[in-house]
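J.: Below you will find the structure I want to go over with you.
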Amino acid sequence: ITAEQAMLGSSITIHDELTRLDEQVLVCQVDGDRHVALPLADVVCLEQVDRSTVEHSASGHVIQYRGDIVPLHPLSDQPHTIAGNSEDATLAVVIYRTTESVIGLLVDHIVDVAPRPADLKPVTLTTDSHSRHQVIGTAVVLGRVTDFLQVS
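Numbering (my numbering), first residue to last: 13 to 164.
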C-alpha cells in the first residue's frame, strides 16, 4: 500500500465516523421522566460535576472546564437547584458546542446514544425567551416519546 492509499483509507474512515455522528443523538432524561435528544455531533463530552465546584458570576451559574469558564443551562422546565446542598452531590452535565461557544447543559440523567429517526414530527410551541433551547420535533426513540432540541 502506498502512502497515498493509506492516507485515503484513513480519510474515508474519518469521514464515515463523522457521518455516523450526524446520524446519532444523545438521549437524556429531564423533569423526572421526560426524554430529550441532542445531536451527538455537537456534544463535546459528558461530565459528572460536583455541586461544590459550581460558581456564580454575573452571567449565572458557571463551572471551570479545561481552563475555560462554561455557563450552565438547565434543560429542565422545572426550577433546578444548581448550587448548594442537595441530595445529589453531583450534577450530570452535557458539555455542548453551539455556534457561538461551549455551554454546559444540565440534565437529570444520560440515557443512551441512539440513531436519529427519520420520522421527526414537527411541533409548534412558544418558547421562553430566556431559554437557550427550543423543541424542534418529537419522535419515538428507545421506545419513548422524545423531544428533539435545538440549542443556541
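Glycine is no exception: its CB is placed at the ideal position from the N, C-alpha and C atoms.
Note that the coordinates shown come from a computational prediction; the quantities given were computed from them, not determined experimentally.
If we ignore side chains and look at the alpha-carbon of each, how far apart do L103 and G149 end up?
T.: Residue mapping note: residue 103 aligns to position 91 of the sequence shown, counting from 1. Residue mapping note: residue 149 aligns to position 137 of the sequence shown, counting from 1. The straight-line gap from Cα to Cα measures roughly 26 Å.
J.: With which residues is I115 paired in a DSSP beta bridge?
T.: Locating residue 115 in the sequence shown gives position 103, where the first residue counts as 1. According to DSSP, I115 bridges with Y108.
J.: Taking all protein chains shown into account, decide if L118 is buried (16 or more other Cβ within 10 angstroms of its Cβ) or exposed.
T.: As a working mapping, residue 118 is identified with position 106 in the sequence shown. Answer is buried; the Cβ neighbour count reaches 16.
J.: Run through DSSP, which three-state label would L52 get?
T.: As a working mapping, residue 52 is identified with position 40 in the sequence shown. Residue state, collapsed to three classes: helix.
J.: Would you give the residue range spanned by the beta strand (DSSP E) that E67 belongs to?
T.: For the purposes of this step, residue 67 is taken as residue 55 along the sequence shown, with counting starting at 1. Segment 67-69, the beta strand (DSSP E) holding E67.
J.: What is the C-beta distance between I75 and V61, in whole angstroms, given that I count them as a contact (C-beta under 8 Å)?
T.: Translated into positions along the sequence shown, residue 75 becomes position 63. Translated into positions along the sequence shown, residue 61 becomes position 49. Between V61 and I75 the Cβ distance is about 6 Å, and since that is below 8 Å, they are a contact.
J.: Would you check if the distance between the CB atom of A49 and the CB atom of T158 is smaller than 8 Å?
T.: Along the sequence shown, read from residue 1 onward, the residue named residue 49 stands at position 37. Along the sequence shown, read from residue 1 onward, the residue named residue 158 stands at position 146. Taking 8 Å as the Cβ cut-off, A49 and T158 qualify as a contacting pair.
J.: Could you tell me which residues DSSP puts in a beta bridge with T136?
T.: Your numbering for residue 136 matches position 124 in the sequence shown. In the DSSP output, where bridge partners are listed per residue, T136 has none listed.
J.: Consult DSSP for R4 and reduce its assignment to one of helix, strand or coil.
T.: Because residue 4 is not part of the residues shown, which for the chain are 13 to 164, the question remains open.
J.: Assuming A126 and L154 form a contact by the criterion Cβ under 8 Å, report the distance between their Cβ atoms to the nearest whole angstrom.
T.: Start at 1 with the first residue of the sequence shown, and residue 126 comes out as number 114. Start at 1 with the first residue of the sequence shown, and residue 154 comes out as number 142. A126 to L154, Cβ: 5 Å. Contact.
J.: Is it the case that the Cβ atoms of H47 and V39 are separated by a distance below 8 Å?
T.: Walking along the sequence shown from the start, residue 47 turns up at place 35. Walking along the sequence shown from the start, residue 39 turns up at place 27. It is a contact, given that the beta carbons lie within the stated cut-off.
J.: Report the option in R78, L52, I115, E67 whose CA atom is closest to the CA atom of H85.
T.: Your numbering for residue 85 matches position 73 in the sequence shown. Here the closest residue by C-alpha is I115.
J.: Considering only C-alpha positions, which residue in the set D89, V152, I122 is nearest to A130?
T.: Translated into positions along the sequence shown, residue 130 becomes position 118. With distances taken between Cα atoms, A130 lies closest to V152.
J.: Determine the direct distance from the alpha carbon of R128 to that of T65, and round the result to whole angstroms.
T.: Stepping through the sequence shown from its first residue, residue 65 is reached at position 53. Stepping through the sequence shown from its first residue, residue 128 is reached at position 116. Roughly 34 Å between the two C-alpha positions.
J.: Closest by CA to G44, which one among L52, D89, E35, A53?
T.: Translated into positions along the sequence shown, residue 44 becomes position 32. Selected option, being the one with the closest Cα: D89.
J.: Per DSSP, which residues does A12 bridge with? Please list them.
T.: What the structure shows of the chain is the stretch from 13 to 164, and residue 12 is not part of that stretch, so it cannot be assessed.
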